[in-house]
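Presented below is the structure to which this report refers.
In our numbering, the protein residues as written are 82 to 529.
Next up, the structure:
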């Protein structure tokens, strides 16, 4: 969706601030760093500063982060600013506080209010890998519902708060896809009448007549929320993970039952595939299973799936080595179809073990295991494991998803205290790895 100039101005100027502000005598300055959710220092990121000074005049500036992810805006007048960073495949947007007023937008970036000569020197902009929610809008008879508006919302008290930047219109077969989403929990709804134009949610491309017909139809219709409940019921939230697309989020215009998940695994052109397996489960370990894909075209159907969140981790043996892919869906009251999982090169994690204090060689770990946290994997494929050399260095291959670490052979009384990347401690000591990503310079700190 394209935002109007007024909406953009509103996003840039609604600005309470958490940034640390100092007040020396020189001119105003806003500086800080752009990092990923997993503490990667983001070099070459476009950073935009927008807002208004104390006289109401618009202020806008742009820069690019250096090799350490740092940026700086100087010679700034007093005013209210917002810092927005952008990079392909990432977003600085975050789900808003459900109680915040009055805008129903994502929070675009940190806000800063500068007084005369003040400096905000530690502004941190966190970028998340983008993800999407995709599925079909389905009529009660099972047919696809085309040209239906699909809207994302978040919970707000006992109701919903729509996010107007996250909406689309279903295609001829009922399929929809909402892209560019940060991690979070979302409600997904669809109205039960077709819009008169596929551009009905784009105010910059919709005529007054089309808009009027859309409004009239919307007044006659009612909303159904995933998986297929009326507007009077809350519906099920869809958990969107960091950089992991949520597939098969089908919205039935009336409720129905769901018991299987089907779709297709695809791979790069020219790659010869021998075996494809799908590990599926949920983070809590309540669902767990393994499926062998026998169809030469990659079609699969997982049967007997219990309701709840489902993560699918695919491994394929090929003439170019192991390829991997991952996707999530939500199983509730009906079959989930058209799930797409693309396998590609897996990720790699390298770094070193750092011991606090004088730890004898007999108490030091011999190997490192990456424990998958997005699902409980089956024993057929062991967790990625790597030996640790005398200098403490390791290299974990065939990784994809989100991991915690475990050390084998560690002496009694010792444990992992923290996991550090680029000088920053990772939340929950977890690390996320995307397809083909190489994550280097991880430090796993061990102590008593």
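C-beta atoms are modelled at their ideal positions from N, C-alpha and C, and glycine is treated no differently. Keep in mind that this is a model prediction, so the values were computed, not measured.
In chain order, 217 place their CB closer than 6 Å to the CB of residue 256, counting only its own chain and leaving out the 5 sequence neighbours on each side. A contact is defined here as three or more CB-CB pairs under 8 Å, and the segment 352 to 359 fails this definition with respect to the segment 442 to 456. Residue 423 and residue 120 have their C-alpha atoms roughly 26 Å apart.
Per DSSP, residue 154 is one residue of the beta strand (DSSP E) stretching across 151 to 157. Taking a contact as a CB-CB distance under 8 Å, the pair residue 402 and residue 481 does not count as one, their CB atoms being some 14 Å apart. Secondary structure at residue 448: strand, using DSSP grouped into helix, strand and coil.
CA-to-CA, the gap between residue 362 and residue 268 works out to about 22 Å. Contact between the segment 315 to 333 and the segment 405 to 419 is present, with at least three C-beta pairs closer than 8 Å. Here residue 109 is near residue 159, since their CB atoms are less than 8 Å apart. If only complete runs of 3 or more residues are kept, the segment 368 to 401 shows the beta strand (DSSP E) at 369 to 374, 380 to 384 and 389 to 399, in order along the chain.
Linking residue 365 to residue 189 through their CA atoms gives a straight-line distance of about 32 Å. It is roughly 32 Å from the alpha-carbon of residue 421 to the alpha-carbon of residue 240. Out of 144, 113, 263 and 258, the CA that lies nearest to the CA of residue 200 is found in 113. Here residue 211 carries a coil assignment [DSSP, helix/strand/coil].
Residue state for residue 243 is assigned as strand, using DSSP reduced to three classes. Rounded to the nearest whole angstrom, the C-alpha separation of residue 460 and residue 376 is 23 Å. By the C-beta density criterion, residue 517 is exposed, having fewer than 16 other C-beta atoms within 10 angstroms. Secondary structure of residue 356 (DSSP, three-state): strand. Between residue 368 and the set 358, 390, 492 and 374, the nearest pair of CA atoms involves 390. For residue 232, the CB contacts under 7 Å within the same chain, skipping 5 residues up- and downstream, are 243, 248 and 270 in chain order. Three or more Cβ pairs drawn from the segment 140 to 149 and the segment 115 to 131 lie within less than 8 Å of each other, which places the two stretches in contact.
Between residue 343 and residue 379 a beta carbon distance of about 11 Å is seen, past the 8 Å cut, so the two are scored as non-contacting. A direct Cα-to-Cα measurement between residue 393 and residue 130 gives close to 40 Å. Judged by DSSP secondary structure, residue 486 falls within the beta strand (DSSP E) whose first and last residues are 482 to 489.
Going by C-alpha positions, residue 404 is about 29 Å away from residue 266.
Secondary structure note for residue 258: its beta strand (DSSP E) is the uninterrupted segment 256 to 262.
CA-to-CA, the gap between residue 440 and residue 381 works out to about 50 Å.
A contact is defined here as three or more CB-CB pairs under 8 Å, and the segment 491 to 507 fails this definition with respect to the segment 450 to 468.
Burial is judged here by how many other beta carbons sit within 10 angstroms of a residue's own beta carbon; residue 303 has fewer than 16 and is exposed.
By the Cβ-count criterion, residue 488 is buried, with 16 or more other Cβ atoms from all chains shown falling within 10 Å of its own Cβ.
Among the bridge pairs identified by DSSP, residue 410 is matched with 391. The C-beta distance from residue 500 to residue 469 rounds to 15 Å, too long to meet the 8 Å contact threshold.
Residue 478 and residue 430 have their C-alpha atoms some 7 Å from each other. Listed in chain order, the non-local C-beta contacts of residue 395 below 6 Å within the same chain comprise 346, 359, 406, 422 and 424, local neighbours out to five positions each way being set aside.
The C-beta of residue 331 has 16 or more other C-beta atoms within 10 Å across all chains shown, which makes the residue buried. Here residue 454 has 364, 482, 483, 484, 485 and 511 as same chain residues with Cβ atoms under 8 Å from its own Cβ, once five neighbours each way along the sequence are excluded.
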